[in-house]
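Take the sequence shown: its position 68, counted from the start at 1, is 612 in the numbering used here, and no numbers get skipped.
Right, one structure below, let's go through it.
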Amino acid sequence: MKLAISHITMVPAFIAGLAFASTAFADPIEGVWKTQPDRKNLISHIQISECKGKFCGKILSAYDSSGKEVKTPNIGKQLFWDVASKGEGKYGGGDFWVPLIDVDVDPQITLSGNTLTVKGCEHLVCGHQTWTRLSGN
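Below is the structure:
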C-alpha cells in the first residue's frame, strides 16, 4: 500500500516538472520585440512564438513617433513564418512579409543578447532592422 501512495504523491511533482521543463527550454528568440521605425515612422511590437517546430512572428501593435498607439490593418497579421533555428543565434528559411511594399522576402535573423538583426532580401535588394527585446527569455 505504501508503494501505491508514494506513486500517487509523485504524480503532481512529475506534472510540475513537465510544466517547468516546457518553459525552461523555450528558444531565446521567443518573446515580444520592438522594431525600428519603418518608412512611415511607425514602430511595431512583434510576438515571436514557436509554431509547429519552427518560429513565426505576428504584429501585436504599432506606435507613432510620439509613442501613441495607432491602429493599422496589419495588426494581428503574420509577419513571418516557417523560420528555423540554424544554431549559434542564427535563424532563417521560411518567409518574411514586408507590409510597406507587400512582398515576401527570405529572412535572415541573428540574435545577439537582447537584439535581433532582421534582414530580408529579394533578388539583389536587401533591407534590415535591429529589433530590441521587450519581454521573453
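For every residue, glycine included, the Cβ atom is placed at its ideal position computed from N, Cα and C.
Beta-carbon contacts of residue i that lie in its chain and below 8 Å, excluding the five residues immediately before and after
i    : result
V647 : W641, E666
I683 : Given a span of 545 to 681 for the chain in the structure shown, any question on residue 683 remains unanswerable.
N658 : T676, R677
Sub-8 Å separation of residue i and residue j beta-carbons
i    : j    : result
P651 : V669 : no
V614 : S679 : no
T676 : K578 : yes
I532 : I590 : Summary: the structure shown does not reach residue 532, with the chain confined to residues 545 through 681, and so no result is reported for it.
Closest by C-alpha distance to residue i, when choosing among the options
i    : options                : result
Q622 : T674, S610, D639, D582 : D639
C595 : I619, A570, K612       : A570
F624 : G671, N658, V649       : V649
Contacts around residue i, its chain only, beta-carbon distance under 7 Å, and the 5 residues preceding and following it disregarded
i    : result
D582 : L644
Q673 : T579, Q580, V662
S629 : D571, Y635
G611 : none
Residue i burial status per 10 Å Cβ neighbour count (16 or more: buried)
i    : result
C656 : The sequence shown places Ser at residue 656, rather than the Cys named in the question. Classification for S656: exposed.
G601 : buried
Own chain residues within Cβ distance below 6 Å of residue i, not counting five before or after
i    : result
A606 : L586, S588, V614, T616
S609 : N585
Beta strand (DSSP E) runs contained entirely in the region 651 to 680, provided each spans 3 or more residues: 659 to 666, 669 to 680
Just to confirm the assignment: which complete beta strand (DSSP E) runs, minimum length 3, are found wholly within the region 597 to 640? 598 to 607, 622 to 631, 634 to 636
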